[in-house]
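Protein chains in written order, with the numbering used here: chain A, 49 to 373; chain B, 373 to 713; chain C, 37 to 477.
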Amino acid sequence: MVVSTVLEAVRSTLDEALGADDSIFIIGEDVEAGGVFRATEGLNAKYPGRLIDSPLAESSIIGISIGAAHYGMRPVAEIQFADFIHSGFDQLCSEASRWCYRTSGSANLPMVVRTPWGGGVHGGQHHSQSIEAYYAHMPGLKVVAPAFPADYRSLLKAAIADPNPVLFLEHKRTYRLIRQEMDGAPAETRIGRARVTRQGTDLTIIAYGLMLHESLAAAEELAKEGIDCLVVDLLSLLPLDVGTILESARATGKVLVVHEDTLTGGFGGEIVAIIAEHAFEHLDAPIRRLAGPDIPSMPYHHAMESFFMPDRTKIAAAARELAAY
Amino acid sequence: MTVAKTRRVRSQQPIEDYLLSEQQLEEMYYAMLLARRLNERMLALNRQGRAPFLIAGAGQEAAQVGAAMALTRGTDFLAPYYRDLGMNLVLGMTAREAMLNLLAKRDDPNSHGRQMPSHWGNSERRIVTGSSVVTTQLLHAAGIGLAAKLRGDPIVVMACCGEGSTSKGDFHEALNFAAIHRLPVIFFVENNGYAISESNEKEMAVANVADRARGYGIQSAVVDGMDCIAVYQNVRPAVDQARRGGGPYLIEAKCYRLWAHSSDDDDSRYRPKAELEEWTKKDPLKLFRDRVEADGIFPRDDLDEIERRVEEEVRDAAQWALMQPDPNPEDALGFVYKEAE
Amino acid sequence: MTSVTMPQLGESVTEGTILKWLKQPGDRIALDDSLCEIETEKVTAELPSPFEGTMGAILVPEGETVDVGAPLCEVDVSAAVPAAVPAQNGAVAAAGSWSGGPMAIPPDEAPAQPEPALPAARAASPASAARAPASQSRPEARERFYSPAVMRLAHEHAIDLVNVSGTGIGGRVTRKDVERLINARTAKAAATPAQPESAIEAAPAAPAARPGGSGAYVTVTLSPTRRTIAENLKRSNLEAPQAWTMVEADVTGLVALREREKARFQLQEGVELTLLPYFTAAVCETLRDFPNLNARWEGEELRQYDSIDIGIAVASENGLVVPVLHGAADLSVAGLAKRIADLVQRAHARKLRIEDIEGGTFTVNNTGSFGSIASKPIVNYPQVAIVTMERAVKRPVVVANDAIAVRSMMNVCLSFDHRAMDGLDAGGFLAALKRRLEAIG
């Protein structure tokens with residue numbers, strides 16, 4: 049029975065991938081030395097020449113990956129912090145996501161961009177951001193954000209095998225915090241599938257990343273008060289598992305969407321709109337969102353950071369209100 | 373920056389060979405020492421669990437102070453990067469402010485706890501606010517240079533970065549623009565040998581960042597970044613020339629990052645011990661002190677006195693800053709937009 | 037006496053070994069004096085004293101290994117300044133046990149424990165802190181507020197919500213309340229022999245009944261009228277794909293006009309002047325511009341009629357009846373008011389003739405008289421559209437120059453047969469009707 053952290057799941061999956069397919073290589077800042085989070089620790093020694101330290105240039109990391117993928121390689125790029133991906137936005141938006149479309153499918157980019165995201169690490173403005181709202185808005189790109197180690201494994205594997213560019217979001221707070229027994233873990237999942245991680249009848253919570261774990265913790269507390277929560281791990285943001293979202297909304301009629309990203313324009317709006325449009329007559333209460341406040345992402349001081357972030361206490365409070373409605 | 377009262381009045385006349393007066397030399401030493409001792413105290417606080425993050429400039433004090441002292445305070449602009457504590461001190465930051473910044477206190481003038489430590493910014497002192505996204509500040513500096521030129525204001529902007537930053541597109545774009553418009557910008561690159569774990573040969577194919585200047589049609593210089601006086605002697609003429617309309621300058625200071633990248637980095641994973649030992653012998657504080665002592669500029673006692681004062685000032689600054697108020701959590705919500713007047 | 041604890045010296049370090057004590061009990065200690073040498077798997081370092089004072093007892097002898105956070109020695113700080121020095125920054129740990137900056141690698145952590153919460157006041161959604169406080173559900177009576185889920189279930193299972201008590205805020209009937217009722221009924225129905233059934237076919241039964249759920253009931257026998265209404269509505273619902281839309285009209289002028297006129301009218305004409313005749317007149321005028329709403333199905337054929345014959349829904353004790361104002365477009369407001377009053381009176385007295393009921397081309401339903409502010413009427417087969425006049429309610433609204441004013445606002449709802457027209461026609465009709473209503477007075 050192997051117990052693995054999120055980070056170990058990522059590292060072992062990269063290890064296996066490098067061993068299985070020599071068209072795969074890793075590029076990013078400090079990857080040869082193991083990466084600032086140790087995600088590529090030991091891989092450079094084991095696979096010499098397969099890891100490439102890039103210069104400090106995110107648009108280069110992504111642009112180089114595009115050329116190599118077009119040539120037939122399978123680059124797995126790392127952006128050191130999701131906050132820094134924005135200088136590569138043009139490469140992702142104007143190029144990578146449109147490559148297959150504008151060639152009518154005669155060319156495609158089998159590439160992965162992995163990046164640590166999210167807060168709770170005293171990271172301040174530029175080491176804590178959520179970026180999914182921008183990138184889940186790019187048809188042609190895929191975006192996944194797992195929560196449990198087993199899903200990190202299967203989704204990273206799926207991402208590497210996918211013939212399209214995939215943005216693979218790794219919540220940095222969970223790297224060593226979340227561990228899971230890997231045998232007997234839920235069956236492998238595909239990109240585009242969400243999962244119900246907890247059955248319930250009183251209300252539905254939809255979340256991803258760190259917030260999924262916070263939601264499960266809140267649900268445990270609420271169960272003691274007789275409030276039974278259905279919790280959905282969204283897993284894939286683009287494409288989105290609309291079927292599971294609607295089914296779980298209809299099951300209870302009361303929905304709470306939780307994400308760390310700021311509220312306005314955050315990805316939660318998309319989920320809410322889908323439910324309002326397709327499950328209107330099954331709603332027993334207004335759909336709620338719980339998210340970061342509309343400020344330029346979380347401040348550095350720990351008290352202000354905690355003020356910003358949703359957590360199990362805030363989730364439980366919102367759920368109680370919803371249950372009572 | 374004012375050095376507290378000394379026992380002896382320093383001469384203001386430039387000393388032959390130095391191009392600097394005794395007073396300036398004392399200021400130099402004081403600033404370098406203050407930067408180093410502040411960083412040491414900050415590291416201690418981090419190791420005690422009282423300051424989550426520190427990113428320091430140990431080993432680069434000479435480059436920073438030598439360059440900053442070439443600027444005209446209150447007139448010229450500085451767009452520093454996160455290691456440039458020494459530069460901020462030269463331009464007027466106090467030890468107490470530096471500690472407020474480390475501790476993310478409410479009254480830290482740089483960002484009032486919103487940014488991580490060492491994200492400098494002070495409008496009054498003409499220090500341009502910076503983020504964690506390196507190199508962006510070079511373009512900001514060029515923009516300031518352009519505005520000043522349009523106004524006919526004889527100012528100079530100094531934009532600083534590490535050699536890692538020179539790989540980014542913004543470096544290219546900033547130098548190019550400044551060159552086209554002959555802007556009064558000094559691009560000061562502190563090549564400290566490492567961008568986190570990556571040494572120079574992974575960052576560039578040329579021997580010197582300064583070699584690129586020709587590609588933009590601007591002048592350049594390579595200086596020994598461990599020698600404060602040499603840095604000043606090279607930067608000052610470039611600043612004067614820029615002020616007279618001579619256009620931008622690229623100056624590369626070869627220095628060395630004596631410590632790890634940050635308090636979260638374990639440099640033993642990638643830095644050869646022998647290399648560190650070699651460079652430690654060239655510690656800029658030591659080089660400066662040895663030189664001015666040997667040349668008889670300052671007696672040893674004077675230098676010891678400065679050291680004692682600096683230690684006292686740092687001790688006071690830390691204790692004082694620890695007592696200062698934290699931001700209120702709800703302070704997170706303010707100043708998203710500037711209010712209309 | 038304060039204690040000094042084992043710090044975390046570098047990434048992924050979980051413990052340290054005391055190599056050598058550099059201070060002994062009784063020694064004077066200045067701030068940052070080295071207390072001892074500590075060895076970890078990564079690094080050997082000296083521990084700078086966080087306090088000034090006198091060295092107290094040594095708690096961990098040389099050579100012993102302890103976890104990060106374990107107390108190492110005591111320091112007597114009472115003699116010196118540091119009553120002022122705050123204790124170790126435990127608050128750093130409060131933000132989820134993360135020590136160090138964003139790239140710090142903490143010891144492998146135990147699964148996250150529930151953290152001590154910020155004060156309860158902050159438990160409110162941060163989203164509401166940044167914007168106007170989200171409106172909490174109002175505690176006043178919500179017994180008559182039905183959510184879409186509740187409406188749907190009630191419709192599917194023919195439940196009269198008036199009889200259902202609610203457990204939601206303000207007495208709101210929740211979906212669970214309705215589900216409980218359905219399950220109780222199904223359980224009873226399964227348990228008892230067949231009773232006279234209602235003429236309205238129930239929707240497919242609710243999922244397996246839960247046992248328990250009692251409550252006496254009586255079976256309602258339907259009158260012929262009721263059966264007819266049921267039949268017509270069912271047919272309308274089954275045959276016509278119906279869509280619904282709504283506008284709100286500022287009828288401040290109309291309400292004021294009626295106020296001015298009503299006394300005189302009552303005196304001169306002998307009947308009450310309500311908003312309905314004005315509304316009906318506006319409907320007639322608008323139908324002239326939108327003739328495809330003035331139509332009836334005759335089998336498969338859709339006929340647009342020249343004459344505008346408005347059915348007025350009347351709720352009588354015997355059930356819903358819709359007498360028709362033939363040639364309504366030829367009548368003045370006064371004429372409409374008198375004719376409506378006549379029809380209503382005869383409806384209540386059960387003195388309507390066949391010609392009073394047949395041949396309507398469009399229906400108006402004054403749901404506002406019940407207090408309704410929005411309703412979804414069912415198209416009156418074989419017509420193709422039905423409009424409701426909801427209650428005129430005073431509301432604060434935004435008027436010219438973004439000022440706020442109190443205006444009488446009336447919703448106007450339209451259900452229509454989507455086979456006969458699209459949203460463009462329906463929307464256009466409503467928009468034009470709204471303009472007319474707003475222009476009155």
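By construction, the Cβ of each residue, glycine as well, lies at the ideal position given by its N, Cα and C atoms.
Listed by chain order, chain A residues near residue i by CB distance under 9 Å
i, result
"L694(B)", "Simply none; closest approach about 14 Å."
"Q487(B)", "G172, Q173, H174, P347, Y348"
Buried versus exposed call for residue i [16 or more other C-beta atoms within 10 Å across all chains shown]
i, result
"L657(B)", "buried"
"P644(B)", "exposed"
"L415(B)", "buried"
"V581(B)", "buried"
"L312(C)", "buried"
"T53(A)", "buried"
"T90(C)", "buried"
"Y373(A)", "buried"
"V435(C)", "exposed"
"Y149(A)", "exposed"
"K5(C)", "The first residue shown for chain C is 37 and the last is 477, placing residue 5(C) beyond what the model contains."
"A165(C)", "With a pLDDT of 36 at A165(C), under the threshold of 50, the modelled position of this residue cannot be trusted; read the value that follows with caution. Flag for A165(C) reads buried."
"Q228(A)", "buried"
"N437(C)", "exposed"
Cross-chain neighbours of residue i in chain A, by beta carbon under 8 Å
i, result
"A185(C)", "G301, E329, H330, L331, D332"
"K574(B)", "D101, P103"
Proximity winner among the options, relative to residue i (alpha-carbon distances)
i, options, result
"K302(A)", "A57(A), F328(A), W165(A), G291(A)", "F328(A)"
"L463(B)", "A693(B), L472(B), E496(B)", "E496(B)"
"A428(B)", "L397(B), L450(B), A470(B)", "A470(B)"
"T316(C)", "E110(C), L469(C), N328(C), G136(C)", "L469(C)"
"H261(A)", "M49(A), T361(A), Y373(A)", "T361(A)"
"E82(C)", "A93(C), R188(C), G92(C), S70(C)", "S70(C)"
"F24(A)", "L203(A), T222(A), S102(A), Q228(A)", "This structure gives no information on residue 24(A), because the portion of chain A shown stretches from 49 to 373."
"Y642(B)", "G153(A), A68(A), G90(A)", "G90(A)"
"S354(A)", "D389(B), A693(B), D703(B)", "D703(B)"
"H330(A)", "V256(C), S405(C), T210(C)", "T210(C)"
Contact under 8 Å by Cβ, residue i with residue j
i, j, result
"Y604(B)", "I558(B)", "no"
"I414(C)", "L379(C)", "no"
"V423(C)", "I393(C)", "no"
"L104(A)", "K521(B)", "no"
"D309(A)", "A181(A)", "yes"
"L450(B)", "A440(B)", "yes"
"F452(C)", "A279(C)", "yes"
"P43(C)", "I94(C)", "no"
Interface partners of residue i on chain B, CB under 8 Å
i, result
"Q44(C)", "G421"
Contacts of residue i in chain C (Cβ-Cβ under 8 Å)
i, result
"V84(A)", "M139"
"A416(B)", "D68, P84"
Residue-chain proximity (residue i, chain F), Cβ-Cβ < 8 Å
i, result
"G99(C)", "In the displayed structure, chain F is absent; the protein chains listed are A, B and C."
Proximal residues of chain C, C-beta to C-beta of residue i below 9 Å
i, result
"V79(A)", "Those within 9 Å of V79(A) in chain C number zero; the least Cβ separation is about 14 Å."
Below 8 Å, can you find three or more Cβ-Cβ pairs linking the segment 139-153 of chain A to the segment 182-196 of chain A?
-> Output reads yes: the segment 182-196 of chain A touches the segment 139-153 of chain A.
Contact between the segment 487-497 of chain B and the segment 159-176 of chain A: three or more CB pairs below 8 Å?
-> Result yes; three or more Cβ-Cβ pairs closer than 8 Å.
Assess, as a yes-or-no matter, whether the segment 333-345 of chain A is touched by the segment 302-315 of chain A under the definition of 3 or more beta carbon pairs within less than 8 Å.
-> The answer is yes - the segment 333-345 of chain A touches the segment 302-315 of chain A, with three or more Cβ pairs under 8 Å.
With a cut-off of 8 Å, do at least 3 Cβ pairs link the segment 497-511 of chain B to the segment 353-369 of chain A?
-> With a cut-off of 8 Å, the segment 353-369 of chain A and the segment 497-511 of chain B do not count as touching, because too few Cβ pairs lie within range.
Is there contact here, the segment 614-629 of chain B with the segment 560-568 of chain B, by at least three beta-carbon pairs under 8 Å?
-> Touching, per the Cβ criterion.
Would you call the segment 581-593 of chain B and the segment 639-654 of chain B touching, i.e. three or more CB-CB distances under 8 Å?
-> Result no; under three Cβ-Cβ pairs closer than 8 Å.
If you pair each beta-carbon of the segment 49-57 of chain C with each one of the segment 666-686 of chain B, do three or more pairs fall below 8 Å?
-> No: the two stretches stay apart, fewer than three of their Cβ pairs being nearer than 8 Å.
Three or more C-beta pairs below 8 Å linking the segment 567-580 of chain B and the segment 76-96 of chain A | The count of Cβ pairs closer than 8 Å, one atom from the segment 567-580 of chain B and one from the segment 76-96 of chain A, reaches three, so the stretches are in contact.
Take every Cβ of the segment 327-335 of chain C, pair it with every Cβ of the segment 368-379 of chain C, and state whether three or more of those distances are shorter than 8 Å.
-> Look at the beta carbons and you see the segment 327-335 of chain C not touching the segment 368-379 of chain C: under three pairs across the two are nearer than 8 Å.
Should the segment 150-168 of chain A be regarded as contacting the segment 112-123 of chain A, the criterion being three or more beta carbon pairs within less than 8 Å?
-> In this structure the segment 150-168 of chain A touches the segment 112-123 of chain A; the number of beta carbon pairs closer than 8 Å is three or more.
Report yes or no: do the segment 196-204 of chain C and the segment 178-186 of chain C share at least 3 C-beta pairs separated by less than 8 Å?
-> Contact between the segment 196-204 of chain C and the segment 178-186 of chain C is established, with three or more Cβ pairs separated by less than 8 Å.
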